[in-house]
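Just below is one structure, and these are the notes that go with it.
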């Protein structure tokens with residue numbers, strides 16, 4: 212039984228929250244190179260806060276290393292430049308800007324000349340974005356905005372993609388397609404993904420490993436196929 | 015009839031200067047959803063810098079104007095960094111109070127340095143008339159103020175739509191958190207917006223007082239700011255094109271509606287605000303503002 216070669220993200224004793232309200236109470240987890248790791252949990256468990264702590268959007272303590280480099284005290288723009296892309300909850304679309312401008316903004320930190328060809332690539336993966344490329348992004352449907360948000364994040368060619376509840380507010384059939392696409396992206400580009408989800412079944416379907424968060428601590432963890440068959444998880448999160 | 019035409023031209027040229035100041039307001043509003051109450055005073059101060067450079071240092075007029083714009087941009091950038099950035103951008107109350115404070119402080123400083131009596135300002139455009147029909151005349155001044163707005167608007171649009179900095183600026187105006195998540199440094203981006211706004215405002219004041227019938231004094235923009243805010247709101251606070259239309263409209267209201275409806279000229283500001291209110295009644299986002307249409 213071998214681990215993945217490199218640990219992309221290593222988190223120890225992560226604590227953080229919003230001022231007086233501390234949400235994370237000492238989390239330990241890691242994500243290996245090329246893995247899809249899922250963080251599950253009910254509302255209020257601290258899933259979104261965990262991602263925001265990694266990408267530097269909130270004050271946090273503890274050790275966070277990205278490929279060995281400490282980012283626990285870095286600011287968000289610097290963390291992005293180190294190769295982390297965060298798709299926030301609710302998509303984070305820039306509504307007044309066109310679809311194409313949203314994608315260009317995703318490539319903001321890049322200084323190479325392959326931005327246009329990358330954009331074409333994402334238009335191939337999500338053709339509906341090409342159809343709507345000059346439209347105001349705020350007028351797209353939820354599913355389309357989610358595709359845009361993911362493509363935007365990937366435009367920066369990150370080594371770690373953080374996805375915050377991509378299924379939120381979307382119709383099941385759209386969500387199923389979305390997750391199929393995530394699995395494909397992971398397989399074809401090897402992008403490491405840390406996905407936070409309430410839809411445990413769907414998320415575990417594409418993941419290698421998972422952690423279950425409860426009130427700011429890790430309740431259980433394990434390989435995805437183990438978690439999906441675990442009775443306690445099924446009862447608590449899959450309603451089965 | 016010819017008087018009417020003259021009034022239109024007056025309205026357009028006054029309106030052009032309101033439009034320049036309104037564009038400065040819109041730049042800052044787009045980025046921060048904040049109305050910078052000190053915008054007029056930044057512009058007035060910039061105008062005095064231009065006057066000093068040209069009349070006391072002997073620089074050619076347009077060199078002085080460009081340099082004055084640059085210097086006022088640097089000053090505004092400094093003010094943003096020290097007085098605005100330390101504060102949470104989403105909490106508007108402290109920021110509004112600071113801009114009000116700056117309004118008072120800059121006005122007083124200008125008065126201390128340059129005194130409050132009106133001063134002659136160098137002419138920026140050729141004097142005399144471009145065209146005349148009987149008693150109606152179109153002055154070169156009017157022509158050039160309109161050209162100035164058109165060129166400024168064109169350059170600003172290019173800056174915003176075709177450059178990376180412009181993209182960052184539009185991104186920050188649209189969604190601050192997402193902008194941070196793609197690596198945009200919000201502070202310097204906003205600072206850039208303040209600098210551009212100050213430069214445009216300085217150009218606006220310079221053009222305004224370059225008119226043969228006006229002079230530069232520290233009070234020049236105190237009421238001018240209200241016209242500019244009305245113009246910006248009329249056009250839609252986040253639309254540069256709207257600022258131009260709004261500015262020209264307010265200028266025309268001032269020069270046409272006021273005399274023809276028999277409103278005393280002291281109430282022309284009031285008339286402008288009434289027009290603004292009427293427009294907002296039917297189009298709350300202004301004539302060209304973005305009404306928020308979002309699918310969640």
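Chains as they are written, first to last, in the numbering used here: chain G, 212 to 451; chain Z, 15 to 310. C-beta: ideal position from N, C-alpha, C; glycine also. Since the structure is predicted, the reported quantities are computational estimates derived from the model, not experimental observations.
If you look at residue 223 of chain G, you'll find it in the beta strand (DSSP E) that goes 218-229. With contacts defined as CB atoms closer than 9 Å, residue 262 of chain G and residue 411 of chain G fail to qualify as a contacting pair. For residue 47 of chain Z, there are no C-beta contacts with chain G under 7 Å, since the nearest C-beta of that chain is about 12 Å from it.
In the three-state reduction of the DSSP assignment, residue 254 of chain G falls in the coil class, being assigned neither a helical nor a strand state. Rounded to the nearest whole angstrom, the CA to CA distance from residue 292 of chain G to residue 320 of chain G is 7 Å. Counting only the Cα atoms, residue 254 of chain Z lies some 10 Å from residue 168 of chain Z. In this structure the stretch 329-348 of chain G lies against the stretch 308-316 of chain G, because at least three pairs of beta carbons, one per stretch, are closer than 8 Å.
Taking all protein chains in view, the Cβ of residue 124 of chain Z is crowded by 16 or more other Cβ atoms within 10 Å, so the residue is classified as buried. Counting the other Cβ atoms within 10 Å of the Cβ of residue 121 of chain Z gives 16 or more, which makes it buried. Listed along chain G are 308, 312, 315, 316 and 319, each with a C-beta nearer than 9 Å to that of residue 181 of chain Z. Between the alpha carbons of residue 51 of chain Z and residue 116 of chain Z lies a distance of about 8 Å. Counted as a single uninterrupted DSSP element, the alpha helix (DSSP H) harbouring residue 202 of chain Z occupies residues 200-223. When the beta-carbon positions are compared, residue 393 of chain G and residue 369 of chain G stay at least 9 Å from each other.
Taking a Cβ-Cβ cut-off of 7 Å, the neighbours of residue 305 of chain G in chain Z comprise 185, 188, 189 and 192, given in sequence order. DSSP places residue 24 of chain Z in the helix class (H, G or I) of the three-state scheme.
If you ignore the 5 residues before and after residue 228 of chain Z, its C-beta comes within less than 7 Å of the C-beta of 222, all in its own chain and listed in chain order. Classified as buried, residue 337 of chain G has 16 or more neighbouring CB atoms from the shown chains inside 10 Å of its CB. Interface residue (Cβ-Cβ distance to chain G less than 9 Å): residue 148 of chain Z is not classified as such. The continuous alpha helix (DSSP H) containing residue 292 of chain G extends over residues 287-292.
C-alpha of residue 100 of chain Z to C-alpha of residue 296 of chain G: approximately 27 Å in a straight line. Taking a beta-carbon distance threshold of 9 Å, residue 301 of chain Z does not count as an interface residue toward chain G.
Secondary structure note for residue 432 of chain G: its beta strand (DSSP E) is the uninterrupted segment 428-434. At a cut-off of 9 Å, the C-beta of residue 291 of chain G has a neighbouring C-beta in chain Z. Under the 8 Å Cβ criterion, the stretch 50-69 of chain Z does not count as touching the stretch 270-277 of chain Z, having fewer than three qualifying pairs. For a Cβ distance threshold of 7 Å, nothing in chain Z lies close to residue 231 of chain G: the least Cβ distance comes to about 16 Å. Within the stretch 364-434 of chain G, the alpha helix (DSSP H) runs of at least 4 residues that lie entirely inside it are, in chain order, 383-400 and 411-417.
Assignment of alpha helix (DSSP H) within the stretch 83-155 of chain Z, counting only whole runs of 4 or more residues, yields 106-128 in chain order. By the Cβ neighbour-count rule, residue 395 of chain G is exposed, with fewer than 16 other Cβ atoms within 10 Å of its own. The beta carbon of residue 171 of chain Z sits no closer than 9 Å to any beta carbon of chain G.
Between residue 249 of chain Z and residue 265 of chain Z, the C-beta gap is not smaller than 9 Å, which leaves the two residues out of contact. Residue burial annotation: residue 55 of chain Z is buried, with at least 16 other C-beta atoms found within 10 angstroms of its C-beta. Interface annotation, residue 304 of chain Z: in contact with chain G, CB-CB separation under 9 Å. Restricting attention to G:256, G:301, G:249 and G:383, the CA atom closest to the CA of residue 421 of chain G is found in G:249. Residue 90 of chain Z and residue 194 of chain Z have their C-alpha atoms spaced approximately 23 Å apart. Excluding sequence positions up to five before and after residue 173 of chain Z, its CB lies within less than 8 Å of the CB of 179, 180 and 210, all in the same chain and listed in chain order. With fewer than 16 other Cβ atoms from the protein chains shown falling within 10 Å of its own Cβ, residue 232 of chain G counts as exposed.
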